[in-house]
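Working notes, structure below.
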Amino acid sequence: MEPQVDQLAGLEKASLLQERRRDFTDPRKKARGYQLEVLDRALEENTIIFLETGCGKTLIAVLLIDVLSHLIRKPSLKIAVFLAPNRALVDQQAKEIEEHTNLRVGKYWGSIEGDTWNYTWWRKQIVNFEVIVMTPQILFNNLHHCFFTMAMIELLIFDECHHAQKNHPYANIMRDFYHSQRAHRPKIFGMTASPIIGKGGLPFSILMFWWFASKPPKPSST
Numbered sequence: 001m002e003p004q005v006d007q008l009a010g011l012e013k014a015s016l017l018q019e020r021r022r023d024f025t026d027p028r029k030k031a032r033g034y035q036l037e038v039l040d041r042a043l044e045e046n047t048i049i050f051l052e053t054g055c056g057k058t059l060i061a062v063l064l065i066d067v068l069s070h071l072i073r074k075p076s077l078k079i080a081v082f083l084a085p086n087r088a089l090v091d092q093q094a095k096e097i098e099e100h101t102n103l104r105v106g107k108y109w110g111s112i113e114g115d116t117w118n119y120t121w122w123r124k125q126i127v128n129f130e131v132i133v134m135t136p137q138i139l140f141n142n143l144h145h146c147f148f149t150m151a152m153i154e155l156l157i158f159d160e161c162h163h164a165q166k167n168h169p170y171a172n173i174m175r176d177f178y179h180s181q182r183a184h185r186p187k188i189f190g191m192t193a194s195p196i197i198g199k200g201g202l203p204f205s206i207l208m209f210w211w212f213a214s215k216p217p218k219p220s221s222t
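First residue of the sequence shown? That's 1 in UniProt numbering, and the numbers climb one at a time after it.
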């Protein structure tokens, strides 16, 4: 199965991306007071939010991306990574980011086989895009193969972060690459509508403690 990608890939097409969107909607114009309060908290420290479906979790994530956009705008090689569990959510969250910012967004899902998605190919994506929206197994594979490092990610967002336990890719990313990292680590923002993860699952408060037992340094200024 060939990987499924919805973006312009390759430095030769970078010129097509120079013109940024001018018709995006400022996310702050839609934000409510509680969303701005969560934003302030997320700028200070790693944060997981529990909000019911339809209460605007994604808008808070977009606000956070927007505030930190000066760290990821090209020619910076730093990126924001937005993880979503499946193709439908990858597409949905990418559209939200595109609607409310003028950042360049790439989206990725599917299987990685053979040499199609190699180090050189992913470096082109990092050169072209400022926000990368993908399914979590892709990020795990990229970290495992050293196509990505935690140091190149300024902001790492987990949609439906309650899945981060046992051998789910979310848990593997945190255990194998975030908590083991001693140098620069990204700011973490997790979103969930599930305070308890299924029958016999971890309570939300314990999940938060496990995720954030090791805190990252403050974001770099360059």
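Here a beta-carbon is modelled for each residue, glycine too, at the ideal position from N, C-alpha and C.
Residues near residue i in its chain [Cβ-Cβ closer than 8 Å; skip 5 each side]
i	result
residue 39	31, 60, 63, 64 and 67
residue 77	126, 127 and 152
residue 149	143
Simplified DSSP state of residue i, which is helix, strand or coil
i	result
residue 189	strand
residue 159	strand
Rounded separation between residue i and residue j - CA only
i	j	result
residue 165	residue 158	13 Å
residue 123	residue 79	11 Å
residue 186	residue 169	17 Å
residue 34	residue 28	12 Å
residue 184	residue 145	19 Å
residue 110	residue 167	19 Å
Neighbourhood of residue i by C-beta, 7 Å cutoff - its chain only, sequence neighbours within 5 removed
i	result
residue 93	58, 82, 84, 133 and 159
residue 69	101 and 103
residue 74	130
Own chain residues within Cβ distance below 6 Å of residue i, not counting five before or after
i	result
residue 147	119 and 122
residue 41	47
residue 72	78, 79, 80, 130 and 154
Note down, one range per segment and in chain order, each alpha helix (DSSP H) of at least 4 residues found wholly within the region 30-56.
-> 33-44
Enumerated in chain order, which unbroken segments of the alpha helix (DSSP H) with a length of 4 residues or greater are wholly contained in the region 70-131?
-> For the region 70-131, whole alpha helix (DSSP H) runs of length 4 or above, ordered along the chain, are 87-100 and 119-128.
Per the contact definition of three or more C-beta pairs closer than 8 Å, is the region 175-186 in contact with the region 99-108?
-> no
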